[in-house]
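Everything on this sheet refers to the single structure shown next.
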Amino acid sequence: MKKMIVPGSPKDLHACCKILENSELGRIYFFDKDPGRMLSKALNNEEIYVVLDDQNNCIGFILFELKGTFGKYPYLHMIVVEREFRGKGIGRELIYYFENVIAAEYDKVFLLVGDFNKRAKELYRQLGYEEIGILSDFYRKGVNEYLMGKYKK
């Protein structure tokens, strides 16, 4: 399958909402609110890139803020891939794209990962991210967030 990573546009909003709603992130963080407003704002701010399949269907996305960590460094807010495409390296490709294209001019990048998301945390470790600290109940009561960072060479 041919894939392409491109800047998100308002036409991708519905697909991004559905992908998020059908993910574990959506069930834990957005069970009581509509993610549409947040995603719409990020699309308008050019803070979402999407993965398109060979028929130009959105099958995943990355949401980031270039100066979202301490007002200085890139923050990877979320990576979400449609269920049927998970485990095929798309998340890894999005991380590489984030580090090497979107945040290419920065020497440090950061993210938070929930304690329930063990697969993602392990992927981040494999890609060189280190655990910096734990934020208890940061987004949701009962969920610890691990602050992870990568110092790019």
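Going by full-length UniProt numbering, the letters in the sequence shown line up with residues 1 to 153, in that order. Yeah, the Cβ is synthetic: ideal placement off N, Cα and C, and Gly gets one too.
In the DSSP assignment, the residues bridged to P7 are Y49.
Contact check for Y151 and D115: beta-carbon distance about 23 Å, past the 8 Å limit, so the pair fails to qualify. Inclusion of F30 and E21 in the CB contact set at 8 Å is warranted, their separation being smaller than that value. For the options E105, E93, N100, the alpha carbon positioned closest to that of L123 is the one of E93. With a 10 Å radius around the Cβ and a threshold of 16 neighbouring Cβ atoms, A103 comes out buried. Between the segment 71 to 83 and the segment 98 to 112 there are three or more C-beta pairs closer than 8 Å, enough to call the two in contact. Residue pairing for S136: DSSP places it in a beta bridge opposite N144.
As DSSP reads the structure, C16 sits in no beta bridge.
Excluding its 5 nearest sequence neighbours in each direction, Y139 has C-beta neighbours in its own chain below 7 Å: Y29, E145, listed in chain order. Under the DSSP assignment, G68 falls in the beta strand (DSSP E) whose first and last residues are 58 to 69. Listed as beta-bridge partners of Y151 by DSSP are K108. Between A15 and the set N44, V81, D32, the nearest pair of CA atoms involves V81. Counting other Cβ atoms within 10 Å of its Cβ, E46 stays below 16 and is therefore classed as exposed.
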